[in-house]
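> In this text, residue positions in the sequence shown follow the working numbering: the first is 13, and each later residue adds one.
The structure that follows is given in the form of structure tokens.
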Amino acid sequence: MQLRSGEIQKPGKGDMIRAYTLQNAESGLGNDYLKRKNVIRVRLEGEQFLLQAADVPSVVEWIEGFHAGTNISLDLDHRVMPKGPMFPRYVISLFSIVCFSNVFTDVDGEEDDQ
């Protein structure tokens, strides 16, 4: 806040300087920042923040929390639908072979003539 005399008043301890929203935020591990360990990089509203957590489990919890907040911060009409887990094709075809090979086998263990 600027006073009439031209001085800039310093904020108090309880004053909020700025509020940020998690809409379209990006967060992740700041592994390219080498000065400190357990650094989380958060980008939101054109600014970047580096946060340091106490240990690796805390880093994971914070990043998961940021991702959860980012996912629910947009209006329902503007949210991107989450994608399911992606599996390689050979896992699916191997699964199909195992399932369908049992279909053409009798209870006795002999194969049908089809």
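Ideal Cβ positions, reconstructed from N, Cα and C, are used throughout, including at glycine.
The structure presented is a predicted model; accordingly, all values stated were derived computationally and were not measured.
1. Mind checking whether E59 and T33 have CB atoms under 8 Å apart?
2. Hey, T82 and A37 are a contact pair by Cβ (cut 8 Å); roughly how many whole angstroms apart?
3. Evaluate I29 with the Cβ neighbour count: other Cβ atoms within 10 Å of its Cβ, from every protein chain shown; 16 or more gives buried, anything less gives exposed.
4. Quick check on G26: buried or exposed, where buried means 16 or more other Cβ atoms within 10 Å of its Cβ?
5. Applying the 10 Å Cβ sphere with the 16-neighbour rule, what's the burial state of G77?
6. Check whether the Cβ atoms of R55 and G42 sit closer than 8 Å, and answer yes or no.
7. Less than 7 Å between C-beta atoms, sequence neighbours within five positions excluded: which residues of the same chain meet that for Q64?
8. How many Å lie between I104 and V72 at the Cα?
9. Helix, strand or coil: how does DSSP classify V51 here?
10. Which class does G26 belong to by DSSP, given the choice of helix, strand or coil?
Quick answer:
1. no
2. 5 Å
3. Only exposed fits I29, as fewer than 16 other CB atoms lie within 10 angstroms of its CB.
4. With a threshold of 16 other beta carbon atoms within 10 Å, G26 falls short and is exposed.
5. exposed
6. no
7. R48, N50, V51
8. Residue placement at I104 cannot be trusted, given a pLDDT of 48 that sits under 50; what the coordinates show is reported in the next sentence. Their Cα atoms are separated by approximately 30 Å.
9. strand
10. Looking at G26 - three-state DSSP - the assignment turns out to be coil, as it is neither helix nor strand.
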